[in-house]
Amino acid sequence: MTAPLNWHFPRAELAEQVMDRFQVGATIALTLFAPRRMGKTEFVNKDLLPLAEEQGYLTAYVNFWDRKQNPADSLIVGLNRALASLKRTAKFKTALSRIKEVSIDTPIGGAGFTLEDNGSADKLDIIQQLFELLLEDGRPLLLALDEVQHLASDRKFEPIIFALRGIIDLKRDRVRVLYTGSSRDGLRRLFARRNAALFSSSQQIDLPTFGHAYLEYTAGVFRQATGRTLNINECAKAFRAVKKVPYDFRGVIDMLITHGGTDIMAVTDLYLADNSQEDTYRASWETLKPIDRLVLKYIILHG
Numbered sequence: 024m025t026a027p028l029n030w031h032f033p034r035a036e037l038a039e040q041v042m043d044r045f046q047v048g049a050t051i052a053l054t055l056f057a058p059r060r061m062g063k064t065e066f067v068n069k070d071l072l073p074l075a076e077e078q079g080y081l082t083a084y085v086n087f088w089d090r091k092q093n094p095a096d097s098l099i100v101g102l103n104r105a106l107a108s109l110k111r112t113a114k115f116k117t118a119l120s121r122i123k124e125v126s127i128d129t130p131i132g133g134a135g136f137t138l139e140d141n142g143s144a145d146k147l148d149i150i151q152q153l154f155e156l157l158l159e160d161g162r163p164l165l166l167a168l169d170e171v172q173h174l175a176s177d178r179k180f181e182p183i184i185f186a187l188r189g190i191i192d193l194k195r196d197r198v199r200v201l202y203t204g205s206s207r208d209g210l211r212r213l214f215a216r217r218n219a220a221l222f223s224s225s226q227q228i229d230l231p232t233f234g235h236a237y238l239e240y241t242a243g244v245f246r247q248a249t250g251r252t253l254n255i256n257e258c259a260k261a262f263r264a265v266k267k268v269p270y271d272f273r274g275v276i277d278m279l280i281t282h283g284g285t286d287i288m289a290v291t292d293l294y295l296a297d298n299s300q301e302d303t304y305r306a307s308w309e310t311l312k313p314i315d316r317l318v319l320k321y322i323i324l325h326g
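Under our numbering, the final residue of the sequence shown carries the number 326; numbering is consecutive throughout.
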């Protein structure tokens, strides 16, 4: 069977730089910023966390946009996913016996657990217990908190901020944290909070924009997929046309695979035309009140 094509452009050097910052002990927290669709999440999951694991870290990834209305659930799901990767030693099984099944619905599927407390477990207690279970492993923990600025979007999320700060501060010799965000304003609001001093100590790194090597790599995978060769100078023009957004450039490449040929600029024009209409619809949707959105959804579903 032919191995699937690997479209992921590795950023090994950047991952090494980030881990070096943690290894020298200069900071326990870093913030990685990039606008949406620039490859931030892919870098964290495919480059940084695997490297951290090679260097002896236990890793946990949490995306607070997984369940925007209930970020505590997002945190619980991410921590539980990390727990699932651990070996079931006798010590671990003893600690795990404190947990029993319950369901949390998320866009990525169900995840279940709660603590034994006569049916009234508090989610912050669950988070605390999950952290303790992870640290039972003995390795240092690298916790990646994606779209962390979401915690500043509503005051009702403040208990999660306080809980995280307390846990991280208490275990600062064992825990390293990578905050990632796609909104500078949101990150600024989060880090400027009077009661979130630990967050404000985080050093910020901007995710670099892809360059020529990325275009060469993508054109090479395209050639493997289709047998067609792209002109790199034309690829560079197309990349600039989509404002150097990797998500959109990959969309252009996917469209070119379907359309055939190698005229990447012609396909880029088609892609931009299609997506400008989608952006218009999205902008219109964002202006609607919640009740209007419900009415529109009902009309679409029921006529």
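We put the beta carbon where it would ideally sit given N, CA and C, even for glycine.
Secondary structure at V200: strand, using DSSP grouped into helix, strand and coil. With respect to the 7 Å criterion, L230 and A57 are classified as neighbours on the basis of their beta carbons. Here A175 is near R212, since their CB atoms are less than 7 Å apart.
In terms of Cβ geometry, L238 and T285 do not form a close pair [threshold 7 Å].
7 Å or more divides the Cβ of I99 from the Cβ of R199. Inclusion of F87 and H173 in the CB contact set at 7 Å is warranted, their separation being smaller than that value. Closest in alpha carbon position to L156, among A83, K260 and R60, is A83. For I99, the secondary structure class from DSSP, reduced to helix, strand or coil, is helix.
Pairwise C-beta distances place the region 274 to 290 out of contact with the region 63 to 78, as fewer than three of them are shorter than 8 Å. Around the CB of L28, fewer than 16 other CB atoms lie within 10 Å, so the residue is classed as exposed. A residue is called buried once 16 or more other Cβ atoms fall within 10 Å of its Cβ, and A75 is buried on that count. Residue state for F87 is assigned as coil, using DSSP reduced to three classes.
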